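Chains as they are written, first to last, in the numbering used here: chain Y, 1 to 344; chain D, 1001 to 1344. Positions of the beta carbon are idealized from the N, C-alpha and C atoms, including for glycine. All of these numbers come straight from a predicted model, not from anything done at the bench.
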DNA sequence: GGTTAGCACTCGTTGACGATGAGTGCTAAC
DNA sequence: GTTAGCACTCATCGTCAACGAGTGCTAACC
C-alpha cells in the first residue's frame, strides 16, 4: 500500500511530532539524516501521503502532522519490540515490591477526604519525612558502567536504583565516595540528604576525587529516589484548575513543581514554633514565589501530644477560609484520634 | 483601628470576591442589601481602605480586590464558628469509616506506578465496577425534610448519604418509591444504576407519584454516591498539563469531567469482545468527544484466565506508543500474577 | 524518470491602533 | 455626613498591516 520511502517518511514525521508537538516541515525531515532526500522530494511524498489520508495540514503554510489514520498505520507497523530497558524494568519491580503500610494508607485516605470536601489541593506530610534518616548507603557495580545504589533508612526500608557510572571513575574511587557518604550522611533526615550532599560532601569530594561533576550528578540521581517523596501525600491537585486565577497553565505547572519538592514543602508546612492550632499563611506570607497568590492553611496531627506531621490545604488567596478552617479542624483531630487508637 | 462600617464593607468585599473572583465595584456592594449605603459613600470608604492597605486596585478603572493584609484582617476577625453542617460532618465520618481493602490498595498502587513511568494519566477499572450490583436500597427519614439513603452492595459494602426530602412528599409515597427501586434495581450493576433509574423507574414513577421531578433529583443524588466511583482508580492526571496540546485549561477540564463519570469510562475501556491483548484507540476511534484528540491504550488483567478489569493509559494522540505499550504489557501481566498469587 | 533548486504564494502570528464601557474620583447639592 | 452627576482612566476587543515559515509548482539536472 505504501512504498518503503513513504513508510520511512511517515515514521520520521510521527517520531518528530511525538517529540516536538509541532507540525513538521519537509526541511527538518531532510535534515534528520536517516532520510537521504532533499526537502523538495520529501514535499512531494508528503503531498501524496496527505492525499492518502495519513497526514494533515493544520493550515496551508504549516508543516504536516499525522492524522489519526497516520498514527494507526504507525502503531500497526511498530517494529520495535516494546522492550523496556533494564533500568525501567528494575524501577517497576521495585515499585511493586514496596510494602503497603497501614498508616500510609490512612494518611493518603485522609488527604483524599480533605481535598474532596474542600475542593482545594490537600497536602499531608507523614511522620516519616520528619523522622526517617539514612542508615546506610551502598553502591554495587553491575557492569562496566552501571551500578545499583542502595539506600537503607532508619525505618528499615530499602530503596534501590540503577545509575550509570561516569566514564573513567575507578572502583577504588567509588569506594572512597561511598565511605565518605556513609561517614557524613548517616543519621541525616532523608529530606535533607540532597542539600547536605552539595554543602558538605561536595567540598570534600572536589578535593580528593576526579570527575567530580559527573559523580555528583550520579549521586544526585541516586539520592533523588523515592525516599525523598516518601511521606508526602497530595490529593485533589486538579481542583486547582477550577479556579479562574489558575487559568494560566504555566502558573499551575510552577505550583505542581513546587509540590514535588519535598524540602520546599517541608519548609512551607513546618509549624511555627510554639504554635499548635491552625495556621493561615496568606499570599506572600508564604516564602515561596510560586504560591505568592495562594493561601496555605495548615494544622498538625499527633500521637500522645507529640506532633507527628502536618496537614494542609492549598488554594487561591481567594479561599473559603471559614469553611476550610472548620474542616481542617475536625479532620486533624480525627486523624490524631485515629492514629492514637491504631497504635495503642 | 477600623470603624464598624469599614469592617462591614471590607467583609462584604472579601466575601464577594471569594465568590466571584472578580474585582468588586462600589455599586455591587451597595446592591447587596446588608450594607445600606450608596455607591458613592462606599467608594469613599473603599478609597480609605485602600490607603490603609486593605484593598488593592488591579487598575484604575476596575473594582477593588482584597490585599493580603485585607485577607489577613478578614481571617483574624472571622466570626462564624467554623462549624460544619450536619451533612458535611456525616460525609466526613462515613469517609473515615470506609474500609481499606488490600486489593483496592494494590490496584491504586499500580495506577501510581503506571502514571509515574509513562508520564501520562493512568486509569484502572477494578473488578468491582463490573461485578458489584445493588443488593438493597433503603431510605430512613431523619427529620421532616432529611433522610439517609442506604445502599447495600452485593459485596456487602454499605454506603449511606444524607439527602433532602422534597417538600410535600408523604411518607407513604417515599415507601412506594423505595419499594419500586428495590423491585426494579436489585441485582443491577452499580455503574448502571443511574441510567436505569431514568429509563425504567422514571416512567413508572411519573405515573403514580407526585413531585416526580424533585424526587428524581433526590434519588439521583442518593445513587450518585461513592459506589459509582468505587473501583475507578486514576493517577497522574496532572501529567496532562505538561502536554502542549492541553495548554487550554477548558479542554483539560472537559477531560477531567469525563474521567469522573464511571459509566462513560467503562464504555471507553471495555475490552472489545474476543480481544485479549493490548488495544490502542486513537483519536476519534474513542467514542467520546472530549478525548477526540487523545489516544487510549488499554489492556486487561485477570485471575485464572477470567478477565477482572481494565488498565489503561490516556494521553495525547501524539503519544510514545512503543514505550507505553511495552510498559502496559509488563504491568498488566504483573498485576495478573500478583492478584492470582494473592488470592490463592 | 526520478531528484532537486528556485520562486511566487498562502496564511497564521504578532504588534499597533481606535472604539467601547465599567468603574472610579471629585465636586456640588442635599 | 451622605448622595447624585460627570469627566476621566484604562483594560478589553476587534481590525489591520507587516512578517515569515513552509508550501506547491516549474524547470533544470543526473
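Rounded to the nearest angstrom, what separates residue i and residue j at their Cα positions?
i: residue 16 of chain Y; j: residue 40 of chain Y; result: 18 angstroms
i: residue 280 of chain Y; j: residue 298 of chain Y; result: 7 angstroms
i: residue 179 of chain Y; j: residue 170 of chain Y; result: 14 angstroms
i: residue 188 of chain Y; j: residue 27 of chain Y; result: 54 angstroms
i: residue 340 of chain Y; j: residue 321 of chain Y; result: 28 angstroms
i: residue 237 of chain Y; j: residue 264 of chain Y; result: 17 angstroms
i: residue 1312 of chain D; j: residue 1111 of chain D; result: 9 angstroms
i: residue 1002 of chain D; j: residue 301 of chain Y; result: 36 angstroms
i: residue 1197 of chain D; j: residue 1213 of chain D; result: 12 angstroms
i: residue 316 of chain Y; j: residue 1010 of chain D; result: 18 angstroms
i: residue 284 of chain Y; j: residue 337 of chain Y; result: 33 angstroms
i: residue 1227 of chain D; j: residue 1289 of chain D; result: At residue 1227 of chain D, the pLDDT of 47 sits below 50, so the modelled position is not reliable; the number obtained from the coordinates is stated separately. Straight-line Cα distance between these residues: approximately 25 angstroms.
i: residue 1199 of chain D; j: residue 295 of chain Y; result: 45 angstroms
i: residue 215 of chain Y; j: residue 205 of chain Y; result: 9 angstroms
i: residue 102 of chain Y; j: residue 109 of chain Y; result: 10 angstroms
i: residue 1138 of chain D; j: residue 1151 of chain D; result: 7 angstroms
i: residue 267 of chain Y; j: residue 1005 of chain D; result: 39 angstroms
i: residue 293 of chain Y; j: residue 304 of chain Y; result: 36 angstroms
i: residue 1221 of chain D; j: residue 1120 of chain D; result: 32 angstroms
i: residue 278 of chain Y; j: residue 1048 of chain D; result: 31 angstroms
i: residue 54 of chain Y; j: residue 14 of chain Y; result: 10 angstroms
i: residue 8 of chain Y; j: residue 35 of chain Y; result: 7 angstroms
i: residue 1154 of chain D; j: residue 1057 of chain D; result: 58 angstroms
i: residue 1208 of chain D; j: residue 1177 of chain D; result: 9 angstroms
i: residue 210 of chain Y; j: residue 247 of chain Y; result: 48 angstroms
i: residue 1160 of chain D; j: residue 335 of chain Y; result: 21 angstroms
i: residue 158 of chain Y; j: residue 186 of chain Y; result: 14 angstroms
i: residue 62 of chain Y; j: residue 1261 of chain D; result: 37 angstroms
i: residue 249 of chain Y; j: residue 194 of chain Y; result: 29 angstroms
Mapping the DSSP letters down to three states, classify residue i as helix, strand or coil.
i: residue 1287 of chain D; result: coil
i: residue 144 of chain Y; result: coil
i: residue 1196 of chain D; result: helix
i: residue 159 of chain Y; result: strand
i: residue 1021 of chain D; result: coil
i: residue 176 of chain Y; result: helix
i: residue 369 of chain Y; result: Residue numbering for chain Y in the displayed model covers 1 to 344; residue 369 of chain Y lies beyond these limits and cannot be assessed.
i: residue 133 of chain Y; result: strand
i: residue 29 of chain Y; result: helix
i: residue 313 of chain Y; result: strand
i: residue 64 of chain Y; result: strand
i: residue 1013 of chain D; result: helix
i: residue 47 of chain Y; result: helix
i: residue 1364 of chain D; result: Chain D is shown only over 1001 to 1344; residue 1364 of chain D falls outside these bounds and no answer can be derived.
i: residue 1190 of chain D; result: helix
i: residue 308 of chain Y; result: strand
i: residue 1057 of chain D; result: coil
i: residue 1052 of chain D; result: coil
i: residue 2 of chain Y; result: coil
How far does the alpha helix (DSSP H) with residue i in it extend, from its first residue to its last?
i: residue 1115 of chain D; result: 1102-1118
i: residue 345 of chain Y; result: Outside the modelled stretch of chain Y, which goes from 1 to 344, sits residue 345 of chain Y, for which no answer is possible.
i: residue 251 of chain Y; result: 249-259
i: residue 1201 of chain D; result: Run containing residue 1201 of chain D: none; DSSP gives neither H nor E here.
i: residue 1090 of chain D; result: 1086-1097
i: residue 165 of chain Y; result: Residue 165 of chain Y -> no alpha helix (DSSP H), and no H or E assigned at all.
i: residue 1262 of chain D; result: 1262-1269
i: residue 1218 of chain D; result: 1212-1223
So residue i and residue j are supposed to be a Cβ contact under 8 angstroms. How far apart are they, rounded?
i: residue 218 of chain Y; j: residue 163 of chain Y; result: 5 angstroms
i: residue 1245 of chain D; j: residue 1318 of chain D; result: 7 angstroms
i: residue 328 of chain Y; j: residue 235 of chain Y; result: Rounded, the Cβ-Cβ distance is 14 angstroms, inconsistent with contact.
i: residue 107 of chain Y; j: residue 124 of chain Y; result: 5 angstroms
i: residue 1074 of chain D; j: residue 1086 of chain D; result: That pair is no contact at about 26 angstroms.
i: residue 89 of chain Y; j: residue 132 of chain Y; result: The pair is not a contact, with the Cβ atoms about 27 angstroms apart (cut-off 8 angstroms).
i: residue 1233 of chain D; j: residue 1126 of chain D; result: 7 angstroms
For the beta strand (DSSP E) that residue i lies in, which residues bound it at each end?
i: residue 37 of chain Y; result: Unbroken run through residue 37 of chain Y: none, as it is neither H nor E.
i: residue 1295 of chain D; result: 1294-1303
i: residue 1122 of chain D; result: 1121-1125
i: residue 1233 of chain D; result: 1232-1235
i: residue 1280 of chain D; result: 1279-1282
Let me check you understand the geometry: is the CB of residue i closer than 7 angstroms to at least one non-hydrogen atom of the ligand FMN?
i: residue 213 of chain Y; result: Questions concerning the ligand FMN fall outside what the structure shown contains, since it holds no ligand whatsoever.
Query raised in the report: How about the segment 257-275 of chain Y and the segment 326-340 of chain Y: do they share at least three Cβ pairs that are nearer than 8 angstroms?
Result: no
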